[in-house]
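In what follows, a structure is listed as structure tokens, so that the remarks can point back to it.
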């Protein structure tokens, strides 16, 4: 029985060691500058690496990135096959697919996620590298009820800086 | 692509339950634990509402210890992983019937290791193999 417990502890040890190794490789890959010809210059975003026949890439990561793009219209998402980006895979020590790389506007990698990550995690990582742009007010738009109310409020209560 | 809402914490609880059953069975040398593991995976795949681990999750764990983590996702990759685990455990059962308990426990240890990896890192063994093949091809 002691022998079996020792085998289980060794197995758990190996799994934890592997987990630490993935984390270490991910941390080591960050802060590296990445040049991609297909990535918009000066824009923050995500580089998603995939492989052919990868079910997780197609069925989980792709829809998660589509949902992320609906929430953050200002970021770029580029899908690249790991065969096309052999140099990048070697440079960053990527071990599995899907892998998502969060890139800031200067071209630096700030996060490397080896394996599937959902849009909430990516949103959090992106919030550090790029602040969501507020919706631009269209000068040609028609006056709405909100504008009328704002005008009426300005008469009965002056903003603090006017006092 | 068909997606449906499911609780990721329920999935994780199912994996932890399977690991616990197999580890206990291995440590106490109870080969029937492999049969229990197969039953757990079969019920999770075909009748999730009757899966014992999911009943325990709904009754005791959910709302008491953990919050739900509901996502709209395609269940296919998770089902594929469960089918793989099921396949390996069935090999283990056949080996135990034939009388080769070493092979049976070897199969159970493979399932324990892969399920542990998935729970702790979200690591997908199949994806890792695909990535290595693609890397070799490009080299």
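Protein chains in written order, with this note's numbering: chain G, 14 to 176; chain P, 13 to 151.
By construction, the Cβ of each residue, glycine as well, lies at the ideal position given by its N, Cα and C atoms.
Please read all numbers here as calculations on a predicted model, not as lab measurements.
Min CB distance residue i to chain P below 8 Å
i                      : result
residue 65 of chain G  : yes
residue 12 of chain G  : Since the first residue shown for chain G is 14 and the last is 176, residue 12 of chain G is missing from the structure and cannot be characterised.
residue 109 of chain G : yes
residue 69 of chain G  : yes
residue 96 of chain G  : yes
residue 21 of chain G  : yes
residue 40 of chain G  : no
Minimum Cβ-Cβ distance from residue i to chain G less than 8 Å
i                     : result
residue 30 of chain P : no
residue 18 of chain P : no
residue 35 of chain P : yes
residue 38 of chain P : yes
Cβ shell of residue i (< 8 Å), same chain only, five flanking positions each side left out
i                      : result
residue 38 of chain P  : 45, 117, 120, 121 and 124
residue 82 of chain P  : 17, 18, 19 and 20
residue 132 of chain G : 77, 78, 80, 81 and 84
Residue i versus residue j: straight-line alpha-carbon distance, rounded
i                      : j                      : result
residue 112 of chain P : residue 43 of chain P  : 11 Å
residue 96 of chain P  : residue 86 of chain P  : 17 Å
residue 74 of chain P  : residue 35 of chain G  : 30 Å
residue 52 of chain G  : residue 136 of chain G : 19 Å
residue 38 of chain G  : residue 62 of chain P  : 41 Å
residue 113 of chain G : residue 77 of chain G  : 11 Å
residue 95 of chain G  : residue 146 of chain P : 7 Å
residue 132 of chain P : residue 126 of chain P : 10 Å
residue 33 of chain G  : residue 130 of chain G : 17 Å
residue 66 of chain G  : residue 74 of chain G  : 13 Å
residue 49 of chain G  : residue 105 of chain P : 50 Å
residue 109 of chain P : residue 53 of chain P  : 19 Å
Same chain only: Cβ atoms within 7 Å of residue i, ignoring 5 sequence neighbours per side
i                      : result
residue 46 of chain G  : 120 and 121
residue 103 of chain P : 119
residue 56 of chain G  : 89 and 118
residue 92 of chain G  : 61 and 63
residue 101 of chain G : 47
Own chain partners of residue i with C-beta closer than 6 Å, once the 5 adjacent residues on each side are dropped
i                      : result
residue 70 of chain G  : 63, 110 and 111
residue 149 of chain P : none
residue 138 of chain G : 115 and 124
Bridge partners - residue i, DSSP secondary structure assignment
i                      : result
residue 58 of chain G  : G:89 and G:116
residue 63 of chain G  : G:94
residue 125 of chain G : G:114
residue 46 of chain G  : G:121
Distance cut-off 7 Å: residue i Cβ against heavy atoms of the ligand GTP
i                     : result
residue 95 of chain G : The ligand GTP is absent from the structure shown, which contains no ligand whatsoever.
message: Quick check on the DSSP output: what are the complete beta strand (DSSP E) runs of length 3 or more inside the segment 29-90 of chain P, in order along the chain?
response: 82-85
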